[in-house]
Amino acid sequence: MSAANLYRQHAAAQRAAANKESLPRRRQQHVRSAERWDEMAQAAEETDRRAAVNEAEKRERPYHQTLRYGNGG
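Heads up: take any position in the sequence shown, counting from 1, add 2, and you land on my numbering.
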């Protein structure tokens, strides 16, 4: 299971807890927690996307072509 999926599960659990909560402040705590879990899931998805792009670039270009030399060559 990916980190993003795990975070989405935590967000769903917090929303479920918010729906069951009778105290307004506690309910709001659960809602805010769910929002944070969703933000972390989005960040994890972006990290996964960037890693996939980087991996694709590595496959397309041999290592020696990624090196930079100070003399322009």
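Just so you know, even glycine gets a beta-carbon here, dropped at the ideal spot from N, CA and C.
{"Item": "C-beta atoms of Ala-46 and Ala-5 nearer than 7 Å", "Value": "yes"}
{"Item": "Cβ-heavy atom distance, Arg-29 to the ligand MN, below 6 Å", "Value": "Inclusion of the ligand MN in the displayed structure is not the case, the ligand content being empty and no account of it being possible."}
{"Item": "Local Cβ density within 10 Å of Ala-2, reported as buried at 16 or more and exposed below that", "Value": "In the structure as shown, the chain begins at 3 and stops at 75. Residue 2 is therefore absent and cannot be evaluated."}
{"Item": "Limits of the unbroken alpha helix (DSSP H) element including Met-3", "Value": "Unbroken run through Met-3: none, as it is neither H nor E."}
{"Item": "From Arg-34, Leu-25 and Arg-27, residue whose alpha carbon lies closest to that of His-12", "Value": "Arg-34"}
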